[in-house]
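Below is one structure; the comments refer to it alone.
Number of protein chains: 2
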Amino acid sequence: MILSALLTSVAINLGLCLLFFTLYSILRKQPGNITVYVPRLVAEGKVEEGRQFNLERLLPTAGWVKKAWEPTEEEFLSNSGLDAFVFMRMFVFSLKVFTFGAIIGMFVLIPINYLGSQLTDDSDFQHKSLDSFSISNVNNGSNRLWIHFSAAYIFTGVVCYFLYYEYQYISSKRIACFYSSEPQPHQFTVLVRGIPIPPGGTCADAVQSFFTEYHPSTYLSHSVVRRSHKLHNLITDAEKLYKKLTNLKQKKDAPKRQTREGCMGLFGPKVDILDHYERKLGNIEDNVRMEQSSLASKEVPAAFVSFKTRFGAAIALHIQEGVDPTEWITEEAPEPHDVYWPFFTVSFLKRWISKLVVFVAYISLTIVFLIPVAIVQGLTHLDQLETLFPFLKGILRLSVVSQVITGYLPSLILQLFLSFVPPTMIMLSSLQGYISWSQIQKSACTKVLLFTIWNIFFANVLSGSALYRVNIFLEPKEIPRVLAEAVPSQASFFIAYVVTSGWTAIASELFRLTTLISNFISRTFCSNADNDFEPPSIPYHSEIPRIRLFGLLGVTYFLLAPLILPFLLIYFCLGYIIFRNQFLKVYVPKFETGGEFWPTVHTSTIFSLVLMHVIAIGIFGLKKLPLAAGLTLPLPILTLLFNDYCQKRFRPIFKHFPAECLIKKDRADENEHNMSEFYDKMENAYNDPALMPISYSERSDSHRSPLLYSNQV
Amino acid sequence: MILSALLTSVAINLGLCLLFFTLYSILRKQPGNITVYVPRLVAEGKVEEGRQFNLERLLPTAGWVKKAWEPTEEEFLSNSGLDAFVFMRMFVFSLKVFTFGAIIGMFVLIPINYLGSQLTDDSDFQHKSLDSFSISNVNNGSNRLWIHFSAAYIFTGVVCYFLYYEYQYISSKRIACFYSSEPQPHQFTVLVRGIPIPPGGTCADAVQSFFTEYHPSTYLSHSVVRRSHKLHNLITDAEKLYKKLTNLKQKKDAPKRQTREGCMGLFGPKVDILDHYERKLGNIEDNVRMEQSSLASKEVPAAFVSFKTRFGAAIALHIQEGVDPTEWITEEAPEPHDVYWPFFTVSFLKRWISKLVVFVAYISLTIVFLIPVAIVQGLTHLDQLETLFPFLKGILRLSVVSQVITGYLPSLILQLFLSFVPPTMIMLSSLQGYISWSQIQKSACTKVLLFTIWNIFFANVLSGSALYRVNIFLEPKEIPRVLAEAVPSQASFFIAYVVTSGWTAIASELFRLTTLISNFISRTFCSNADNDFEPPSIPYHSEIPRIRLFGLLGVTYFLLAPLILPFLLIYFCLGYIIFRNQFLKVYVPKFETGGEFWPTVHTSTIFSLVLMHVIAIGIFGLKKLPLAAGLTLPLPILTLLFNDYCQKRFRPIFKHFPAECLIKKDRADENEHNMSEFYDKMENAYNDPALMPISYSERSDSHRSPLLYSNQV
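As C-alpha cells, then:
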C-alpha cells in the first residue's frame, strides 16, 4: 500500500465521520428519535418527548460533547456501575499508552525509519510505500536499531507501569463499590447443585435439614429450582399475544397517540379478531396455571440458598460441603434477574455433551472463517483479481479504484463478516450451561477475543504466502524468525484496517445507525414497535474484543510500523467521548460483574507486549544485530514475571471478596439497614419468574392468587 | 537377549533371594541384631534384648512370614497409620492387576506370540530370543492381533475398575480415620504468612488483633515464628557434645553394659578431657541462652494460629483473609514435630530464587543422568564393547560371561546409580521452601517418580539408536509410531531390569543390608552409636517411585511382551510380605499425610494405561492392521474421561476435609474430650523447639527456667 492509498482511506473515513457527526448533532434533537438517542433517560423518565418546534433543532451543535465530559468519575460510577467504569478505563488506559507510544513513534522512530535506505523506494513522497516508514527500511546492522531496542524497553516499562496503576486503581474501586453497595440478594446467596434427595423425601426437605444442621447460625432460606422450560415457552406466548391484543385495542378505542403511529392504520384489524385473541389468551393462561400446579413434582436437584450474612454465604461457597464432592456443589449466585433459567432444565450429562459440541463448533467456525480472510487477502493482491476477472482490468487500473479496493474494501468486507461473530459466540456460550447471562457474556467475550486475535491477526499475518506455517508453533525456536518475516509485511493492511473498521465502528456507534434503521423499519411495518421499547445494554462481548484487537495491533506494531499509532490515538479518543455519552444516555447496565472484565484486558495487553518482544527478537536477528536480539530476551521474561506478580497481587480480589471486607460490610449493614425487612424480600428473590401468577385476560381475576411459591412446597 | 540369559539372571536372583531369606531367618533371631530387625518394637519397649542361647536360633525358620499375615487390616491401620496402609494397598492393587494380567498374558498372549513367525528365529527353544514371546513375532496383518486388541480393552476395563474401587476404598478409610482420630493440634491450626506488621507494633499484636476482630468466636491462640537458624545450629552443637560427654562418662564410670561395646575400649579417653568438654558445653549453653533472649526482636512475619474448632480453622484456611492477597496468606499447618523450622529463616525472595535454582538443578541432573544410562546401553551391545576393548574379546565370547553382562550387569549398574537419586531429590526439595518434612518427602517422591519414568523408561527406550528423537514430542501425530518402533526393542532389557533390580531391592529390603553394614561399621568405629538409636521411617520418596516404575513397565508391556508379568507378580508378592513385616516391626510413622500419596499412584497408573494405548495404536499401525489402530483410539479418550471423573469424585477428599466431616467431628469432640485441657496443650504445641530452655551441663541448674515462650512476647 502506498501513502496516497492510505490518505484516500483516511479521507473517506474522516468524511464519513464528519457527515455522521453532523447528522447525529441534528437528529438527536428530533423528538421522534428520542428513544433511539437517549433511551436510557426515557426509560428512567428523565426526558419527556417534546413537541415544540424551534430552528435550533435543525442546526448541528456540539454541546453534547461538552456534556459527555462533565460528570466526574464518581458520578459516572454511581450512575453506570463498575462494569461501565472499567469499560471507560480501558479507553483511558489505551489513550495513555498510545499517547506515549505515538510521541516516541512520530518524533523518534518514524524519522529514523524514513532515513533508512534498505528498501530503495525511489518514488516521490506521495507514492512512497508505507513500508518506508516501517522498521523494514532501516539498514541491516545499522546502529540506529539500538534506538528501536531502547524504545522497546522504555515502552514496555511504561505500559507495565500503566497496567499496574490501572489494576490497583480498579481493584480499589471494586472494593469501594462493594463497601458502598446496598445489600443485594446475590451477595447473601449461593447456588447449590447436586443435592442428594433421600428416597421418599423432597429436595426442599434435604436442603432445609442439611443447612439447618451444618450452618445453623447463618442459614436463612432457600428456593428450589424446578423444570420450568415448558412454562417459560407458554408465558412467552402469552406475553406476545397480550401485547398484540393491547395494541389492537389501542388502535380501535383510543385516538392516535402520535401521528407517526398512524402510517399503517389502513391495515388495522377487524374487531371480531379481538374476541378470538382474548379466547386464545385465556386458554394459554389456563395451560400456564395447570403447568404451574404440576411443577411441584418437577424438582431439579438444585436450589438457591440464602444466608443471614455475606460471610456465611462465603463459608458455604468456599468449603466443600458434603463428603461426596459431586454432591452439594456450591457456586456464586448471580443477581436474581441475571439467572438464565432455561439452563436448569438440562441434565448434567446433557450439559457435558453440549460443552463438547460447543467446543467442536467453535473450532470449526474458527477454521471456516479463514475463507473470508482469504478473500480479503485476495483483494489486496490486485493482480490476482485481474487474472480472475480480465474484463475488470480497465477499471482496476484506475488509481482511485485501486486505492479504494486495496485500502478500504478489504477491511470493510472483513468487518462485515466479523459482525456475525459476536452473536454466534453468544449463541454458543448460552448452550454451554452457564447459569447467568453475565457469565454467558463473559464467556462469549473470551471466545470472540481469541477468535479475533487468531483469525484477524495470526491468520492474516501468516496467510500471506504461508497459511501452512501454522506448524511453526510446534518449533518454538523458529517463532521469532517466522513472525519477524511475516508480520511487518501486513503492517499496511492493519493500518488501513484500523482507519476503516475502527472509525467506521465509531461512526456507527455514534449514530447507532443500525438501531436507527431498525427503528425506522419497525415503525413502518410493525405498528406495535413502541410497546417493545427497552433501552439496550452494552454488548461487552463484541466491544471489548474489538478494543483489545486494536490494543494488540498498537503494541505489536509500535516498533515495526509506528505509523499505526496516531490513527489508534484518534480511534480511542473518539471512542472515549462517544461511549461516555452513550453510557450516560443510552446504555442501561443489565447486570454487574463488578469489573471482572479487567483481568481480560490486563492479560491480553501482556500477551501483546510479549508478542512484540518475540517479533523484536526476530527483527533484530534478521537485521543482523544478534547482540540486540540476545539483549531483548530478558524483556519477555521480565514482563511475564511482572504479570505473575500482578495476578498474585490483584487477581484474587476479582474472584471473591476477602473475609475482612465481607465481615466489615456485614457489620455495617447491621447498623445501617433494616435487615429483617431485607431478609423478607430475599426469601422470594430467587423464585423462578415463571412460577409467579399471571393474569392477562380480563375475565380471570379470580385466578390471580399465586399458585406456587417454590420455597413453600 | 536370549531365553538362557534371562534364565541365568533369574537363577542368580533366585539364589540370592534364597540365600538372603535363609540369612534373614537366622540373623533376625540373634539378640545382638535386635535393633536392626525389629527396631520399632524395641523403641516401643515391646521387646527386650534376650541373652539365652538355644539351637533354634541357628536354624532358618519361616514363622515370621506367617506372623506378617496375621494382623487384620484394621489392626494394621491403627498400628501403622493411613500412609503405611495406603503403601500396602499399592501392593494389593498391583497384585490384583498383575494377577489378572499374568493369567491373560501367560495363557492367551504368549502362546499366540510364540506361534507367530514374523521374526524367523530358527534357534532351539533355549536360545530363542525373548522377542519370540513378544508381539513383534506376530505376523503382520494377522487376525490374531484382534485378540491383542480385545485384551487391551479388557485389561483397561479391569484396571479402571480396580482403580475406582481402590480410590473409593482409600477415601472412605481416610474419612473413617479422621472420624476416629484424637484431637490433634494441626487439625485446629493454620499457618499464616505475610503478616503486615504496623509501624511500631509487633507481629504478635497484629495477629492477635486481626483474628480477634474477624474470627472472634473461634480464635484461640497463636505462636509467632522467629529467626532461629543460628540457635538451631548452637543446639545441635550442644546436643552432639552432650552425647559425647555422656558416652565418655559411661565408659569411665560404669561397668561395660554389653560385651560388644568393649571392642574399642582400648582407645578410651583420658579423664581430663571430660573437664574440657564440660566447660565447652557450658559455654555453648550460655550462648544459647543469650541467643534465645535476643530472639524477641527477630520476628518472622509468620505465625501458627490455632482455633477452637476444626471448622473455624478451615474457614480461615479457605477464605482469603486480608484485602491484599499477598498478606495474611493462610495454609494448612503441619503436625508440630513435622515442621521444618530452618525454612522460616528464608525470606520470600530467597525462597523464590532457591525454587528457580532447584528447578534448574533438577533439569541438569536429569540430563547428566543420561551418561550412566548410555553406559548401560553400551553393555547390552557387546559388539561395541569388543571394539573398544579388543583384549576382552576372548572372555566376552564365553557364553556365561556374555549372559551375565547382558542380562544382569546393566540393570545392576543402573540400580547403583539410581540409589543416589532419592537422597539428592530430598536435598533439592528441602531447599525449596516447604514448611514440613512431609511436604519435602511428597515433593521428592514426585521428583524421583518423574525422573525415574523419564530416565529409565523413555531415555532407555529412545536412546537405542536415537536419543535425538526427543523432538518427536513436538510432533504429536508421530508419537505412536516412534514409540511402537522403539519400545518393543527394549522389552528384554526391562524384563531383566525387573528381575534384577526388583528382586535385588526386595532382597536388600528384606535384610536391610545397608543398615546391617552401617550398623556394623558404627558399632566398630564409633562407640556411641547405640545412643543414637532411632527406628527408621519408611522412605516413601524412594519406594513409591520404584513400585510405580514397575507398575508402568507392567502395564506398558502387558500387550507387547507379557513375559514381564510373572516376574512382576513375584516382585509384588514378595514386596507385600516383606513390607507388611518389617511396617509392623521396623518402620515407625514419623508423620501422617492421611493417605495423600494415593492420588500419585492413581495418576501414574492412568499415565501408563494411556502410554500402553498409544503404543498399541502404533503397533497395530506397524503391523498393517489400521482398523484395529483406529478402533483403539477411543480407549485413551475413555480412560482420560474416567480419570477426570475419578479426580472430580475423590481428589477433593484428599485435599481438605469437607464441612460435614469437620462439624460432625467438632461436635463429637465436645462430648467426648476435655477440650479445655487440649486447648491448654495446643497453646504451646507450635513453639519452636529451639526456644525451649536447655540444660545439659550439671553446674547450670539455676538457668533452667524458660527464658522465652514465643506466644508470651
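So the protein lines, in turn, are chains A and B. Quick note on the numbering used here: the first sequence kicks off at 55 and runs consecutively. Quick note on the numbering used here: the second sequence kicks off at 55 and runs consecutively. C-beta: ideal position from N, C-alpha, C; glycine also. Predicted, not measured: the structure shown is a model, and the values here were computed from it.
From A/Ala65, A/Ser730, A/Ala513, A/Ile251, pick the residue whose C-alpha is nearest to that of serine 351 of chain A; which is it? Its Cα nearest to that of serine 351 of chain A, the residue A/Ile251 stands out among A/Ala65, A/Ser730, A/Ala513, A/Ile251.
Find the nearest neighbour of leucine 623 of chain B within the set B/Val146, B/Thr290, B/Val192, judged by alpha-carbon distance. The alpha carbon of leucine 623 of chain B has as its nearest neighbour, out of B/Val146, B/Thr290, B/Val192, the alpha carbon of B/Val146.
Residues in the same chain with beta-carbon distance under 7 Å from proline 237 of chain B, minus the five sequence neighbours each way, listed in chain order, please. So the list reads Asp723, His727, Phe732, once near-sequence residues are dropped.
For a contact defined as C-beta to C-beta under 8 Å, what are the partners of glutamate 646 of chain B on chain A? The contacting residues do not exist; glutamate 646 of chain B stays about 20 Å from chain A at best.
According to DSSP, residues forming a beta bridge with arginine 247 of chain B: The beta-bridge partner set that DSSP reports for arginine 247 of chain B consists of B/Ala356, B/Ile383.
Closer than 7 Å at the beta carbon, the chain B residues around isoleucine 229 of chain A: The answer, in chain order, is Val377.
Would the stretch 495-506 of chain B and the stretch 588-606 of chain B be scored as touching if the rule is three or more Cβ pairs under 8 Å? Touching, yes, given that three or more Cβ pairs across the two stretches are closer than 8 Å.
What do you reckon, are the CB atoms on phenylalanine 612 of chain A and leucine 619 of chain A nearer than 8 Å? Yes. Within cutoff.
Please list the residues of the stretch 246-275 of chain A that have a C-beta atom closer than 7 Å to any C-beta atom in chain B, keeping them in chain order. Shown in chain order are the members of the stretch 246-275 of chain A whose Cβ falls below 7 Å from a Cβ of chain B: Tyr268.
Taking the CB atoms as reference points, tell me whether histidine 769 of chain A and alanine 370 of chain A lie closer together than 8 Å. Residue numbering for chain A in the displayed model covers 55 to 767; residue 769 of chain A lies beyond these limits and cannot be assessed.
Exposed or buried, what is alanine 206 of chain B when buried is set at 16 or more other beta-carbons lying within 10 Å of its beta-carbon? Taking a 10 Å sphere around the C-beta of alanine 206 of chain B, we find 16 or more other C-beta atoms and assign the residue as buried.
Output the residue ranges of the beta strand (DSSP E) runs that lie fully inside the stretch 692-759 of chain B and measure 3 residues or longer, sorted by chain position. Fully contained in the stretch 692-759 of chain B is no beta strand (DSSP E) run of length 3 or more.
Glutamate 724 of chain B touches chain A at which residues, Cβ-Cβ below 9 Å? Ordered by position in chain A, no residue passes the 9 Å Cβ test against glutamate 724 of chain B, which lies about 14 Å from the chain.
In whole angstroms, what separates the C-alpha of tryptophan 652 of chain A from that of tyrosine 221 of chain A? The straight-line gap from Cα to Cα measures roughly 8 Å.
Show which residues of chain A have a CB atom less than 9 Å away from the CB atom of lysine 702 of chain B. At a C-beta separation below 9 Å, lysine 702 of chain B has these neighbours in chain A: Pro379, Thr380.
Beta-carbon proximity list for asparagine 509 of chain B, same chain, < 8 Å, skipping 5 on both sides: If we look at asparagine 509 of chain B and ignore the five residues flanking it on each side, its Cβ neighbours are Thr420, Phe423, Leu424, Val427.
Buried or exposed by the 16-neighbour rule on C-beta atoms within 10 Å, applied to isoleucine 208 of chain A: With fewer than 16 other Cβ atoms within 10 Å, it is exposed.
Would you please state the rounded distance, in angstroms, between the beta carbons of serine 658 of chain A and glycine 608 of chain A? I believe it to be under 8 Å. So it is not a contact: roughly 12 Å between Cβ atoms.
Could you name the residues of the same chain whose beta carbon sits closer than 6 Å to that of leucine 299 of chain B, not counting the 5 residues immediately before and after it, in chain order? For leucine 299 of chain B, where only same-chain residues beyond five positions count, the Cβ hits under 6 Å are Tyr331.
Note the first and the last residue of the continuous beta strand (DSSP E) segment covering arginine 280 of chain B. Here the beta strand (DSSP E) through arginine 280 of chain B covers 273-280.
Given a cut-off of 8 Å on the beta-carbon distance, is the pair valine 246 of chain A and tryptophan 118 of chain A in contact? Not in contact: valine 246 of chain A and tryptophan 118 of chain A (Cβ atoms no closer than 8 Å).
What would DSSP say about valine 146 of chain B, mapped onto helix, strand or coil? Valine 146 of chain B falls in the helix class under three-state DSSP.
How many angstroms separate the CA atom of arginine 721 of chain B from the CA atom of phenylalanine 139 of chain B? Per the coordinates, the alpha-carbon of arginine 721 of chain B lies some 28 Å from the alpha-carbon of phenylalanine 139 of chain B.
Can you check whether the C-beta of serine 519 of chain A is within less than 8 Å of a C-beta belonging to chain B? For serine 519 of chain A, the predicted model reports a pLDDT of 46, less than 50, meaning its position is unreliable; a value from the coordinates is still stated below. For serine 519 of chain A, the closest Cβ of chain B is not nearer than 8 Å.
Quick one: what does DSSP say isoleucine 373 of chain B is sitting in, helix, strand or coil? Isoleucine 373 of chain B: coil per DSSP, three-state reduction.
Residues near serine 171 of chain A in its chain [Cβ-Cβ closer than 7 Å; skip 5 each side]: Short of 7 Å from the beta carbon of serine 171 of chain A, and not among the five residues preceding or following it, lie these beta carbons of its own chain, in chain order: Asn193.
Reducing DSSP to helix, strand and coil, say where valine 768 of chain B ends up. With chain B running from 55 to 767 in the structure shown, residue 768 of chain B is simply not present.
How is valine 664 of chain B classed by DSSP in three states: helix, strand or coil? In the three-state reduction of the DSSP assignment, valine 664 of chain B falls in the helix class.
Determine the contact status of glutamine 362 of chain B and leucine 274 of chain B, defining contact as a CB-CB distance below 8 Å. The sequence given here places lysine at residue 362 of chain B; glutamine does not occur at that position. In contact: lysine 362 of chain B and leucine 274 of chain B (Cβ atoms closer than 8 Å).
Below-8 Å beta-carbon distance, histidine 656 of chain A vs any chain B residue: Histidine 656 of chain A does not count as touching chain B.
On a Cα-Cα basis, can you pick out the residue from B/Met144, B/Tyr394, B/Pro534 that is closest to proline 680 of chain B? Out of B/Met144, B/Tyr394, B/Pro534, B/Pro534 has the C-alpha closest to the C-alpha of proline 680 of chain B.
Taking Cβ to Cβ, would you say phenylalanine 708 of chain A is nearer than 8 Å to glycine 649 of chain A? Annotated as proximal: phenylalanine 708 of chain A and glycine 649 of chain A, with beta-carbon spacing under 8 Å.
Glutamate 714 of chain B: contacting residues in chain A (beta-carbon distance under 7 Å): Within chain A, the residues near glutamate 714 of chain B are Tyr268, Glu375, Gly376, Val377.
By alpha-carbon positions, which one of B/Val359, B/Val475, B/Gly376 ends up nearest to alanine 415 of chain B? Of the candidates B/Val359, B/Val475, B/Gly376, the one whose C-alpha sits nearest the C-alpha of alanine 415 of chain B is B/Val475.
Nearest to leucine 278 of chain B by CA position, among B/Val354, B/Val455, B/Tyr625, B/Ile158, is which residue? In the sequence as presented, leucine is not what sits at residue 278 of chain B; that position holds valine. Comparing Cα-Cα distances from valine 278 of chain B to each of B/Val354, B/Val455, B/Tyr625, B/Ile158, the minimum goes to B/Val354.
For valine 515 of chain B, which residues from the same chain have a beta carbon less than 6 Å from its beta carbon, with the 5 sequence-adjacent residues on both sides left out? Answer for valine 515 of chain B: Ala540, Val541, Gln544, listed in chain order.
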